[in-house]
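Reviewing the structure listed below.
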Amino acid sequence: MTNNILQHFNIDQFQADLLHWYNVSKRDLPWRRERDPYKIWVSEIMLQQTKVDTVIPYFNRFMEKYPTVYELAKADQQEVLKAWEGLGYYSRARNLQNAVREVVSEYGGVVPSNRKELGGLKGVGPYTTGAILSIAYNQPEPAVDGNVMRVFSRLLKIEADIAMPRTKKLFEDYVRQVISTEDPSSFNQAIMDLGATICTPKSPTCSFCPVQEHCLAFSEGIQEELPIKTKAKKQKPIAYVALLIKNDQDEYVIEKRGENGLLANLWQFPMVPIEEIGMEHLETWVYSEYGIRIQLGEQKGKLKHVFSHIIWQLEIFEAYTLQAETDDERVIFIDKEAIGKYPFPVSHQKMMKYL
DNA sequence: AATTCGGGGTA
DNA sequence: TACCCAGAATT
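Going letter by letter, the first sequence gives residues 2 to 356 in my numbering.
Right, dumping it as C-alpha cells:
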C-alpha cells in the first residue's frame, strides 16, 4: 500500500498514548452523550467546515425539534432551513433531509452501517461515512478531515499538499494502518480533539501533546511548517443595490431564491446587480424583473458580506410601491412581524434593522 | 482537478 | 487581511 514511513512508528504505543489522553481529556459534547447514529450523523453534517462552538446551539435546537429520523423526514423544508438559518452551507440541510427521507423509505428508519449504502446518501461523502461508521458503529474506518491531515502530516512528516484532492487518499491509507481496531470510535474522535485543541493550525502546543514523542515534525522542530497547503484564490466582489420596498400597508417585498446555487430556497430582499443595470435603469429593471413599480427612496446604509468564493457589496435603499401584489411567484408582500418565519441569509438579516 | 457552496473565529 | 474550520457536489 504505502511506503515505509511507518517503519519506525510505534503504532501500539501511539494508540495507547492517544486513547489514554482521550479518555481523560475528551470534550463533553452534546453528540457524545449517546451513540445514536442519527445524532452522530446530524452532528457530522453540521460540523462540516464549521467549528464545534458554532454547532452546539444549532445541534441542541435541532434535536429538540427533530429527535429522530421520522420527525425530520416529515418536516417542511422551509422549517428545516429556518432551523439551519445562520449556519451556512444550506445544501447540507436540504441534502440531510432528503437522505433522512431515504433512510425512512428504503432502510426502515435505520441509518445504514456499511460504506456502500451510507455513502450513497445525499450529502454523505467519504469523511462523513467514515465518521458515522467509526463513531456510531465502531468500525475501523478512516474519517479524514482537515484535523486528521494536519495531525498526521506532522506526526509522519508528510509533505504532500493537503489542498490536492488525491492527498486525502494518502492519509486514509495511513489511518487504516494506524487506527485502533479495539476502539476506532475513540481513536478517530481523539485525533479530532487533538487537532482542535493541541495540534492547532498555528502555534500548536506541543508541550501538552500526549503523542509528542511519536511526532516526527516535532523531533525536527518543523511542526509550524506543516501541513503544506497551497493558497486559495481571492474572492471576487459583486455590487448590488438591495431594496427595502414598502407599500402603503406597511408591507415589505421579499423574494424566494432559486432552488439551486447560492443560498438556495432562502428568502431575501430584492437585489439589483447594479454594475450591469446602472442606477438610472434601476426602477425599470425592477418592474421588468418583478412586475413591481417602485419609487427609489434614500440610501439607508451599506454592508459587505464575505462568502467563500465571492464578496457581496450591498448598498441598501428604501423604495416605495403602491402595489400589494404581483404575478411573480417568487415574491410576496409581508408585514414586518411575519418576516421572521422565513429563512434568511445572515447578510439580509443584517438589513432588517433598517425596516 | 478545479470550482461552488456560509459564516464566524483567530492572529 | 489571511487563514481555518469534524467537506460534498458539481463541473
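Ideal Cβ positions, reconstructed from N, Cα and C, are used throughout, including at glycine. On a predicted model such as this, the values are computed, not experimentally measured, just so you know.
How far does the alpha helix (DSSP H) with I278 in it extend, from its first residue to its last? I275 to I278
Do you know offhand how far K340's Cα is from V332's? Rather than Lys, the amino acid found at residue 340 in this sequence is Ile. Straight-line Cα distance between these residues: approximately 13 angstroms.
With a CB to CB cut of under 7 angstroms and the five nearest residues on each side skipped, what residues in its chain are close to H349? Q269 and F270
At which residue ranges does the region 179-204 contain complete beta strand (DSSP E) runs of 3 or more residues, listed in the order of the chain? none
As a quick exercise: from N96, R62, Y67 and Y59, pick the residue whose alpha carbon is nearest that of E260. N96
Classify P238 as helix, strand or coil using the three-state DSSP reduction. strand
Are the region 211-229 and the region 154-168 touching by the rule of at least three beta carbon pairs closer than 8 angstroms? yes
Three or more C-beta pairs closer than 8 angstroms, one from the region 88-108 and one from the region 51-70: is that the case here? yes
Residue ranges of each alpha helix (DSSP H) run of no fewer than 4 residues wholly in the region 82-168, ordered along the chain? 92-107, 116-120, 127-136 and 147-156
Determine the burial state of T3: buried for a count of at least 16 other Cβ atoms within 10 Å of its Cβ, exposed for fewer. Any answer about T3 is weak, because its pLDDT of 49 lies below 50 and its placement is not dependable; what the coordinates show is given next. Under this definition T3 is an exposed residue.
Using a 10 Å radius around the Cβ and a threshold of 16 neighbouring Cβ atoms, would you call G124 buried or exposed? buried
Close-in-space but distant-in-sequence residues of the same chain around G279 (CB under 8 angstroms, 5 per side omitted): none
Please work out which residues of its chain come closer than 7 angstroms, Cβ to Cβ, to R28, disregarding the five sequence neighbours upstream and downstream, and give them in chain order. D194
Local Cβ density within 10 Å of T206, reported as buried at 16 or more and exposed below that: exposed
Would you check if the region 130-144 and the region 168-181 touch, i.e. whether three or more CB-CB distances between them fall below 8 angstroms? yes
At 4 residues or longer, what runs of the alpha helix (DSSP H) sit wholly inside the region 274-314? 275-278 and 283-291
Have a look at Y59 and H215 and give me their C-alpha separation to the nearest angstrom. 37 angstroms
Assess contact between the region 77-87 and the region 102-118, defined as three or more Cβ pairs (one per stretch) separated by less than 8 angstroms. Is contact present? no
Which of helix, strand or coil DSSP assigns to Q50: coil
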